[in-house]
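Here the structure is laid out as structure tokens; the discussion comes afterwards.
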Amino acid sequence: MAHLTGSDRADFVQGMFTRIAHRYDLMNRLMTAGQDARWRREAIRRAALPPGRSIVLDLGAGTGDLAFDALRRHPETTPIAADFTLAMMRVGQKRQNGHQLNWSSADALKLPYPNETFDAVVSGFLLRNVIDIQQALAEQFRVIKPGGMMVALDTTRPRENLLSPLIHFHMKTVIPTLGRMLTGQADAYTYLPDSSINFLRAEEMAARMAAVGFSEINFERKMFGVVAIHWGRK
């Protein structure tokens, strides 16, 4: 499924997240041994939201994890949780304090917001799923205020090392097995590891960010190099 392109890929991804929405958060915790919650907190810290009534966009929000973290760290902020899969947002709306977030249907390639709207745009495991990474980055740059931050928590293609066989076993065997057992959606949890293995290297993502205009770009690898947090300033 990771080989799909264009509208076929977009339709598959939307349908996949609709099918697994009810178990998505649980699978994230299991796949990352609970580390994803800590990474999301770090992503919000990297967003460096200014004091006062800042506005942050959690793009590809799913059930709103990053938006909830932003609200906990900055109670005065206005978090917008945006996704193109309604089923994921419906799950998020039912979470405790789900009513405190502003939920928005949005396509990452054509954001429905004016220029320079947000103090920061954050995303968690969004970019590996979009059909045009450069357009998605350009849209984020457009809607961020001058001086604002973009932060992306996502998978990244790992370097080959002594742990590579173990990493591949976890991604190609353990994750699909867990996904089939807990969600009944083996295809979804075959796609997700495949999309990670075939995604950009961290250095390539940094170069893509620079190409659309971001500066002060940096990244930090996590989980034996299969995850990275990227950040940059407009």
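With the working numbering, the residue at position 53 of the sequence shown is 54, and numbering never jumps.
Don't be surprised by glycine CBs; every beta carbon is placed ideally from N, CA and C.
Since this is a predicted model, take the numbers as computed values, not measurements.
Local conformation of residue 121 per DSSP, three classes:
strand
To the nearest angstrom, how far is the alpha carbon of residue 80 from that of residue 42?
14 Å
Just tell me which of 137, 157 and 34 has its CA closest to the CA of residue 108.
137
Does the structure place the stretch 68-86 close enough to the stretch 48-55 that three or more beta carbon pairs sit under 8 Å?
yes
If we ignore side chains and look at the alpha-carbon of each, how far apart do residue 210 and residue 116 end up?
18 Å
Determine the closest residue to residue 144 out of 155, 154, 130 and 112, with distance taken between C-alpha atoms.
112
Hey, out of 66, 110, 76 and 77, whose CA is closest to residue 92's CA?
66
Please report the straight-line C-alpha distance between residue 36 and residue 30, rounded to a whole angstrom.
7 Å
Comparing alpha-carbon positions, which option in 139, 158 and 121 lies nearest residue 224?
Relative to the Cα of residue 224, the nearest Cα in the group 139, 158 and 121 belongs to 158.
Residue 65, DSSP secondary structure in three states
Correct three-state label for residue 65: coil.
Tell me which residue opens and which closes the alpha helix (DSSP H) that residue 149 is part of.
First-last for residue 149: 145-156, but that is the beta strand (DSSP E), not the alpha helix (DSSP H).
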